[in-house]
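K.L.:
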DNA sequence: GATTTCTAATGCTATATAGCAATGTGAAAG
DNA sequence: CTTTCACATTGCTATATAGCATTAGAAATC
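Protein chains in written order, with my numbering: chain A, 2 to 287; chain B, 2 to 287.
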């Protein structure tokens, strides 16, 4: 035996033959487990490796913690149980408890400070969140209203079809709406999508209903993100008229290509937003 | 490490000939190790836990893989060695090899497919990347030029001081520059920072040097992200004059609060960008 | 009272091992 | 020529254990 060292601490010989899980199957070595965290209770089964369809232990631990956070029992800054404590409470090994915590840390739910402990992270601010107009209004406690300007199928928007990954002469649904805040028009938004793929959109009551909502609920599209180009421009005659502002007024222009989770470009949208009525918030990273 | 990538640079420390520590210590249970991945070779010592100051084994494995990606030996889509193979090559335990891979997966460098393997991820697109003007120009292969308009200390910008987390009457460094593309002015940018914390900034040749660069290299500040507010406005008399555009021309206004890694607000900047000369690209997520 | 030193708790890296679960391949069967 | 099925490979969850590294507070010292 060359490596007397490792042999010396007899790590191997000890822990595997009579193996924890073996022993556990028979005698679960009951602990004085407090119920504070709703221990897994399936521990005995888990010992032999969970029977399929059972949620992994580390996720159950995460859920237990998440529940306590959601319920307000654990507030931002509060410490969550330590690795060793979780292991004891949930009757899992240290590594498993650790797995649970470090994944939550990676997801930003908790923060870990070496030597100090693990703490509930401050609530995250949702930056760069893709929201439809209706949703933005809703998040401000308001109801969105729109006036439909045009609505129909076009076939000559070659460039936009290309951006959507379609043949140049594809049939595109197009919806042009003026967005209202109260009675006042604040934005003009134009959306394009494949008329062949989502024919039903044109029939919906789009002056009241969210396009995003329709796509996600009716068309079973899962939106993922949008790549946007933002610049400033000025109101031409038509837009000035529609938004009831002087011609030449500054406008924020946002052009967005919206992708679904299958990384398919799904909607192309262009919006003109009245100066002073709209601020875009984003976060950029170094 | 909250945002973005774990550093891409290579670590010097590791592979220097397995020499030093190996010789020092007992025989490492020699394997038939192929050299393909430059195995760690420090196994024996690591067995008893590496002596301090040494980079962790799992990071060394990551670096080895990263190097092979950077060197072009591993291209997107190529498989990287499996957990078991890495464990063998680097003479570490399976869990350690796994740790290395799964962290790289979490950082988006590789993708793991259960049962199939681990593969180099397609190169990431850098969206929402915080770049200074100089850096943006550099990324386009151009050199940035500026004309300094004003430069000095102000004490009456209460609101901005507050945003920077300073007392209302703090001394603030202020720098106002016109950004040039060729000879043409395209933007007016104004930056504020704590004059007490970074006094040296005012002395730098800021018409030629990047403010971001100065902060990061000279002041040892690590910038992390910026929260930005974007809207459209029109040129007042002064801006119109400085940018040589008609009064009332539309401008893209970007106000950003730039944070360092210690989550301290470090710089507040406001920029006015000529319409047609500047497009902001961002990605937003659902 | 302020400073330094010790110590317990906690997170981090690592070892070795076991069995389950998904994937792709190649041989056998239809 | 296709389909099926077994198998090797690979990733995933889990066990048990060890020692190092950092932190914060208590105790001892100045």
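Just so you know, even glycine gets a beta-carbon here, dropped at the ideal spot from N, CA and C.
Sorted by chain position, which residues of the same chain lie with C-beta nearer than 6 Å to residue 280 of chain A's C-beta, five sequence neighbours on each side aside?
P.N.:
none
K.L.:
Under 9 Å, do residue 1 of chain B and residue 236 of chain B count as touching if we go by C-beta distance?
P.N.:
No answer is possible for residue 1 of chain B: the residues shown for chain B start at 2 and end at 287.
K.L.:
When we look at the beta-carbon of residue 153 of chain B and count the other beta-carbons within 10 Å, is it buried (16 or more) or exposed?
P.N.:
exposed
K.L.:
Can we say the segment 229 to 248 of chain A touches the segment 174 to 188 of chain A, given the rule of at least three CB pairs closer than 8 Å?
P.N.:
yes
K.L.:
Please report how far the alpha carbon of residue 26 of chain A lies from the alpha carbon of residue 106 of chain A, in whole angstroms.
P.N.:
The predicted model places residue 26 of chain A with a pLDDT of 28, which falls under 50 and marks its position as unreliable, so this point remains unresolved.
K.L.:
Can we say the segment 117 to 124 of chain A touches the segment 146 to 165 of chain A, given the rule of at least three CB pairs closer than 8 Å?
P.N.:
no
K.L.:
So the alpha helix (DSSP H) residue 160 of chain A belongs to, where does it begin and stop?
P.N.:
159 to 164
K.L.:
Should residue 115 of chain B go down as buried or exposed, given a rule of 16 or more other Cβ atoms within 10 Å for buried?
P.N.:
exposed
K.L.:
Does residue 147 of chain B pass the burial test, meaning 16 or more other C-beta atoms within 10 Å, or should it be called exposed?
P.N.:
buried
K.L.:
Short check: CB of residue 117 of chain A to CB of residue 91 of chain A, under 9 Å?
P.N.:
Cβ distance not < 9 Å, so residue 117 of chain A and residue 91 of chain A don't count as in contact.
K.L.:
How about residue 258 of chain B and residue 274 of chain B: are their beta carbons less than 9 Å apart?
P.N.:
no
K.L.:
Please go through the segment 164 to 213 of chain A and give each complete beta strand (DSSP E) segment of 3 or more residues, from N-terminal end onward.
P.N.:
Runs of the beta strand (DSSP E) inside the segment 164 to 213 of chain A: 173 to 182 and 185 to 195.
K.L.:
Skipping 5 residues on each side, what residues in its chain have a beta carbon closer than 6 Å to that of residue 98 of chain B?
P.N.:
84, 87 and 88
K.L.:
Select from the segment 220 to 240 of chain B all residues with a C-beta closer than 7 Å to any C-beta belonging to chain A, and list them in chain order.
P.N.:
224, 225, 226, 227, 228, 229, 230, 231, 232, 233, 234 and 235
K.L.:
Which residues of the segment 261 to 276 of chain B have a Cβ closer than 8 Å to any Cβ of chain A? Give them in chain order.
P.N.:
274 and 276
K.L.:
Examine chain B for any beta-carbon lying closer than 9 Å to the beta-carbon of residue 31 of chain A, and answer yes or no.
P.N.:
Its pLDDT being 32, under 50, residue 31 of chain A is placed unreliably by the model, and the measurement read from it follows with that caveat. Output row for residue 31 of chain A: interface = no.
K.L.:
Out of B/133, B/163, B/176 and B/113, which has the shortest C-alpha to C-alpha gap to residue 1 of chain B?
P.N.:
Residue 1 of chain B lies beyond the range of chain B shown here (2 to 287); nothing can be said about it.
K.L.:
Counting contacts by CB-CB distance shorter than 9 Å, is residue 120 of chain B in contact with chain A?
P.N.:
Judged by the 9 Å Cβ criterion, residue 120 of chain B is not in contact with chain A.
K.L.:
Identify, in the order they occur along the chain, each residue of the same chain with its Cβ nearer than 6 Å to the Cβ of residue 166 of chain B, setting aside the five sequence neighbours on each side.
P.N.:
266
K.L.:
Closer than 9 Å by beta-carbon distance: list the chain B residues that pair up with residue 279 of chain A, in chain order.
P.N.:
232 and 233
K.L.:
From the DSSP output, in three-state form, read off residue 146 of chain B for me.
P.N.:
strand
K.L.:
In the DSSP assignment, the alpha helix (DSSP H) including residue 135 of chain B goes from what residue to what residue?
P.N.:
134 to 140
K.L.:
Just the C-alpha distance for residue 163 of chain B and residue 192 of chain B, rounded to the nearest angstrom, thanks.
P.N.:
15 Å
K.L.:
Once DSSP output is grouped into helix, strand and coil, what is the label at residue 60 of chain B?
P.N.:
helix
K.L.:
In chain order, what residues of the same chain lie with their CB nearer than 8 Å to the CB of residue 111 of chain B, ignoring the 5 residues before and after it?
P.N.:
66, 81, 102, 105, 119, 120, 121 and 122
K.L.:
If you follow the beta strand (DSSP E) that residue 227 of chain B is in, where does it begin and where does it stop?
P.N.:
224 to 235
K.L.:
Which whole-angstrom value describes the C-beta separation of residue 196 of chain B and residue 173 of chain B, a residue pair presumed to lie in contact below a C-beta threshold of 8 Å?
P.N.:
6 Å
K.L.:
Would DSSP call residue 246 of chain B helix, strand or coil?
P.N.:
coil
K.L.:
In the DSSP assignment, what residue or residues form a beta bridge with residue 271 of chain B?
P.N.:
Per DSSP, B/191 and B/256.
K.L.:
Chain A partners of residue 286 of chain B, CB-CB under 8 Å?
P.N.:
129, 130, 131, 225 and 226
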